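Worksheet for the structure shown next.
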Ligand SMILES: Cc1cc2nc3c(=O)[nH]c(=O)nc-3n(C[C@H](O)[C@H](O)[C@H](O)COP(=O)(O)OP(=O)(O)OC[C@H]3O[C@@H](n4cnc5c(N)ncnc54)[C@H](O)[C@@H]3O)c2cc1C
């Protein structure tokens, strides 16, 4: 039986562990805390699922496949992990990022509609879109209950035979991992360590602090009734209230350098001010909504927002650099990486350890 050690029980490591266990691998999953712990990027309350990725079609296809994966996972778990609320993109430029996205969606047969800015009021009470050229409607996009989905994925992985090893893993010679006094060996090792990866290996990844804000929702501002939204040019995004945590309105602009283990978990005052300023401008009814919930998380950013899926040495794989857009792909990415580990195909060259040029067309942020 082929054996693998996966380090990191975020959504990437847990999804991969589940997939490999269900396709005949003996899997050990090493985690320094517990699956779903609040420092990991996968423990945000919610994450958006969108197929729009500007001019890129690879991630659009993967997200579309992942949508099926989330729905199947929800059915297995007996709970709605994915809320298919739809997503509205607020497009300022007539031929900008959203236009390119629509072209790709059309080419792939992924449903979308182009709406006038005034139609925003159909979705959001009191919506103001007078600065916009059009709205791009993705009806099958939506919101994933992220932390819950991570816990469920890890639980299903254990039920499928994955052995969870608690401890801090360090690289050892060959396809081995040191955890405390013990050295674990397997045919393959996958380091799916999120923002901790650059401290372990030479990777083109930097880590930034990201503040998330949720506001008390007035009646009628609940998702899935209210869709998710993204303003790419302003680097703002959000959705209605999910599970009473409040409606999310936050920024995708990258924050300052951050240590995921010891960094402060206090939100900066400026993040709250920005979120409130945007809400007041776009959704005047929410201008005075009180903050209900704050969460600090971190991005593991590559310069070009392309991921890292690379073999660092024979049988030793690095899986990281999610660049703030990796959650939604979890189940489909696991299938892809399992194919790589099974030797069915090599990963795309774009995921290598080469020097990367700066680009951000894959993110929901048009600003730096
Ligand atoms: C504010 C914010 C908003 C986001 N919004 C979206 C969104 O809307 N849509 C989307 O698709 N994505 C989004 N993302 C990105 C998404 O959250 C990440 O792509 C995804 O969670 C990455 O998962 P991961 O498993 O790689 O990392 P993590 O979830 O961080 O997991 C890594 C795990 O590895 C463990 N680990 C690390 N080192 C070791 C070690 N040496 N030994 C043992 N264990 C170790 C850590 O404890 C951790 O549990 C967002 C991210 C942030 C921060």
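In the numbering used here, the protein residues as written are 970 to 1337. Virtual Cβ for every residue (Gly too), placed ideally from N, Cα, C. Quick caveat, the model's predicted, so the values are computed rather than measured.
- In this structure, ligand 1 has a non-hydrogen atom nearer than 7 Å to the beta-carbon of residue 978.
- In the three-state DSSP reduction, residue 1033 falls in the helix class (H, G or I).
- Pairing residue 1106 with residue 1082 gives a Cβ-Cβ distance under 8 Å.
- Excluding sequence positions up to five before and after residue 1174, its CB lies within less than 7 Å of the CB of 1166, 1167, 1269, 1270, 1271, 1277, 1289, 1290, all in the same chain and listed in chain order.
- DSSP lists 976, 1287 as the beta-bridge partner residues of residue 1160.
- Residue pairing by DSSP puts residue 1181 in a beta bridge opposite 1264.
- Between the stretch 1031-1043 and the stretch 1300-1320, the count of C-beta pairs closer than 8 Å reaches three or more; the two stretches touch.
- A direct Cα-Cα distance of roughly 11 Å separates residue 1292 from residue 1333.
- By the Cβ rule, the stretch 991-1003 does not count as touching the stretch 1014-1024, because fewer than three pairs are nearer than 8 Å.
- Taken in chain order, the unbroken stretches of alpha helix (DSSP H) that lie wholly in the stretch 978-1058 and span 4 residues or more are 980-990, 1027-1046.
- For residue 1151, the enclosing beta strand (DSSP E) has its first and last residue at 1151-1154.
- The beta carbon of residue 1308 is closer than 8 Å to those of 1314 in its chain, skipping five residues each way along the sequence.
- Annotation for residue 1140: the continuous beta strand (DSSP E) segment containing it runs 1138-1141.
- For residue 1147, no alpha helix (DSSP H) segment is defined; the enclosing uninterrupted segment is the beta strand (DSSP E) at 1145-1148.
- When secondary structure is reduced to three states using DSSP, residue 1282 falls in the strand class.
- Each of 1244, 1060, 1158, 1266 was checked against the Cα of residue 1235, and the nearest Cα belongs to 1266.
- A direct Cα-Cα distance of roughly 20 Å separates residue 1180 from residue 1117.
- Three or more Cβ pairs drawn from the stretch 1186-1197 and the stretch 1045-1058 lie within less than 8 Å of each other, which places the two stretches in contact.
- As computed with DSSP, residue 1205 is found in a beta bridge with 1200, 1220.
- Residue 1106: member of the beta strand (DSSP E) spanning 1103-1107, first to last residue.
- Short of 6 Å from the beta carbon of residue 1196, and not among the five residues preceding or following it, lie these beta carbons of its own chain, in chain order: 1054, 1055, 1056, 1057, 1092.
- For residue 1239, the enclosing alpha helix (DSSP H) begins and ends at 1238-1251.
- Positions of the beta strand (DSSP E) runs, each at least 3 residues long and wholly inside the stretch 1054-1089, are given as 1056-1060, 1082-1084 in order along the chain.
- Burial state of residue 1216 is buried, judged by a 10 Å Cβ sphere holding 16 or more other Cβ atoms.
- Under the three-state reduction of DSSP output, residue 1269 falls in the strand class.
- In this structure, residue 1022 has its beta carbon at no less than 7 Å from each heavy atom of ligand 1.
- Taking the C-beta atoms as reference points, residue 1310 is found nearer than 8 Å to residue 973.
- Bounds of the beta strand (DSSP E) holding residue 1111 are 1111-1114.
- No Cβ-Cβ contact shorter than 8 Å links residue 1224 with residue 1115.
- DSSP links residue 1210 through a beta bridge to 1191.
- Under DSSP, residue 1175 forms a beta bridge with 1270.
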